[in-house]
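Engineer: Before anything else, here's the structure in question.
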Amino acid sequence: PWLLSLLLHVGIAAWGSLKLKGHPCHPHAQPWQAAIFERSKYNCGATLISSRWVLTAAHCLTGPIHVRLGDYNLYVREDTEQYKGVAKTIIHPGYNCTDHDNDIMLLKLQTPATLNRYVRPLGLASQCAEPGEQCSVSGWGTALNAPGRGANGPKQCAANYPGHVNRNMVCAGLKGGGTDSCEGDSGGPLVCNGKLQGVVSWGDVPCVSTLKPGVYMNICKYHDWLQATMWTN
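See below:
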């Protein structure tokens, strides 16, 4: 139920080396982290990117949803929490649920978030991460623990998912399996150099024992679409 953070190295169309185990975040150290609920059931992670907009994965839309901000423990009511209805959902027009391409979705909140030390937006990456760049992923999903060094290289992710990885995706994880995003982390943020670099999308299953990296939507490829869509809506 607690928010977890993982520290990773990533590569573009590649996967890098994990540096730390998954561990509980310091409370409210990820003020941009959002939780998506379908009625009373936790569904996905998400990221607050402005006072009115939240970004998540398109596959997270399974029914009527609402958003919780400022949350740390999903099962404890906290004074820092903000409950927000969703006024509009905008799925990327190129989303393909079969091959996971363009798996991103914008949620416009019914009322603006109250920004404070517990609730604060995260900026979008306009440049793609360099291979080997240190990044972190956080979420309320399954925590995986298997520290070690991974391999870097532009062909490794594609080799793990032949024909399924494209330029809109970025991979991060540990060679031989281990700490990475997992069940319940979908839609959550991959943060590189203080910017939102990825949205948790898909990976091999079961993720608790897979030897393959997780796959994220590469936000630098969507920067212009995201900005234009928020501006016109």
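Residue numbers (mature numbering (1 follows the signal peptide of the UniProt record, and there is no 0)): -22 to -1, 1 to 211.
Heads up, the beta-carbon is just placed ideally off N, CA and C, and yes, glycines get one too.
Predicted model only: the values in this text are computed from it and were never measured.
(1) Taking DSSP as the reference, what is the three-state secondary structure of Asn144?
(2) Can the beta-carbon of Thr67 be found less than 8 Å from the beta-carbon of Leu87?
(3) Can you tell me the Cβ-Cβ gap for Val103 and Gln8, rounded? I've got them flagged as a contact below 8 Å.
(4) Given a threshold of 16 other Cβ atoms within 10 Å of its Cβ, counted over all protein chains shown, does Cys75 qualify as buried or as exposed?
(5) If you draw a straight line from the C-alpha of Thr58 to the C-alpha of Gly141, how long is it?
(6) Use the C-beta contact count for Ala24: other C-beta atoms within 10 angstroms, 16 or more gives buried, fewer gives exposed.
(7) Tell me, to the nearest whole angstrom, how far the beta carbon of Ile27 is from that of Leu100; I am working on the premise that it is less than 8 Å.
(8) Between which two residues does the alpha helix (DSSP H) harbouring Trp203 extend?
(9) Exposed or buried, what is Val193 when buried is set at 16 or more other beta-carbons lying within 10 Å of its beta-carbon?
(10) Are the CB atoms of Val148 and Ala35 nearer to each other than 8 Å?
(11) Work out the CA separation of Val32 and Arg17 for me, nearest whole Å.
Structural biologist: Result, derived from the coordinates:
(1) Working through the sequence shown from its first residue, we reach residue 144 at position 166. DSSP places Asn144 outside both helix and strand once states are collapsed to three, so it counts as coil.
(2) Within the sequence shown, residue 67 is the residue found at index 89, counting from 1. Within the sequence shown, residue 87 is the residue found at index 109, counting from 1. The Cβ-Cβ distance between Thr67 and Leu87 does not fall below 8 Å.
(3) Here residue 103 refers to the residue found at position 125 of the sequence shown. Here residue 8 refers to the residue found at position 30 of the sequence shown. The sequence given here has Ala at residue 103, not Val. The beta carbons of Ala103 and Gln8 sit about 16 Å from each other, so the pair does not count as a contact at 8 Å.
(4) One-based indexing of the sequence shown puts residue 75 at position 97. Label assigned to Cys75: exposed.
(5) Residue mapping note: residue 58 aligns to position 80 of the sequence shown, counting from 1. Residue mapping note: residue 141 aligns to position 163 of the sequence shown, counting from 1. A straight-line Cα-Cα distance of about 44 Å links Thr58 and Gly141.
(6) Position 46 of the sequence shown, counting from 1, holds the residue named residue 24. It is buried - the Cβ of Ala24 has at least 16 other Cβ atoms within 10 Å.
(7) Here residue 27 refers to the residue found at position 49 of the sequence shown. Here residue 100 refers to the residue found at position 122 of the sequence shown. So it is a contact: roughly 6 Å between Cβ atoms.
(8) Your numbering for residue 203 matches position 225 in the sequence shown. Unbroken alpha helix (DSSP H) run through Trp203: His201 to Thr210.
(9) Taking the first residue of the sequence shown as position 1, residue 193 is located at position 215. Under this definition Val193 is a buried residue.
(10) Start at 1 with the first residue of the sequence shown, and residue 148 comes out as number 170. Start at 1 with the first residue of the sequence shown, and residue 35 comes out as number 57. Taking 8 Å as the cut-off, the beta carbon of Val148 is found no closer than this to the beta carbon of Ala35.
(11) In the sequence shown, counting from the first residue as 1, residue 17 sits at position 39. In the sequence shown, counting from the first residue as 1, residue 32 sits at position 54. Roughly 18 Å between the two C-alpha positions.
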